[in-house]
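In this note's numbering, the protein residues as written are 1235 to 1284. Worksheet: the structure to be examined is printed underneath.
Here it is, written out as C-alpha cells:
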C-alpha cells in the first residue's frame, strides 16, 4: 500500500515537471486519473482495516 502511494507521489512530481510541456487538458486528465487511483487505494485500506 505504501509503495503505491510512493509511486503516485513520484508520478505527481513528474507531472509537475511536465506541466510546461503538456497542454492543460492532458494535465487535467492525468490529475483526475491520479485522484481516482488515490480513492481506490483509500477504499482498499478501509476494507482491509474492517
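Using N, Cα and C, we set each Cβ at its ideal position, and we do this for glycine too. Every value quoted in this text rests on a predicted model; they were computed, and no experiment measured them.
Beta carbon of residue i nearer than 8 Å to that of residue j
{"i": "residue 1263", "j": "residue 1242", "result": "no"}
Cα-Cα separation between residue i and residue j, rounded to whole angstroms
{"i": "residue 1248", "j": "residue 1239", "result": "14 Å"}
{"i": "residue 1280", "j": "residue 1266", "result": "21 Å"}
{"i": "residue 1244", "j": "residue 1275", "result": "16 Å"}
{"i": "residue 1277", "j": "residue 1271", "result": "10 Å"}
{"i": "residue 1246", "j": "residue 1282", "result": "26 Å"}
{"i": "residue 1260", "j": "residue 1273", "result": "20 Å"}
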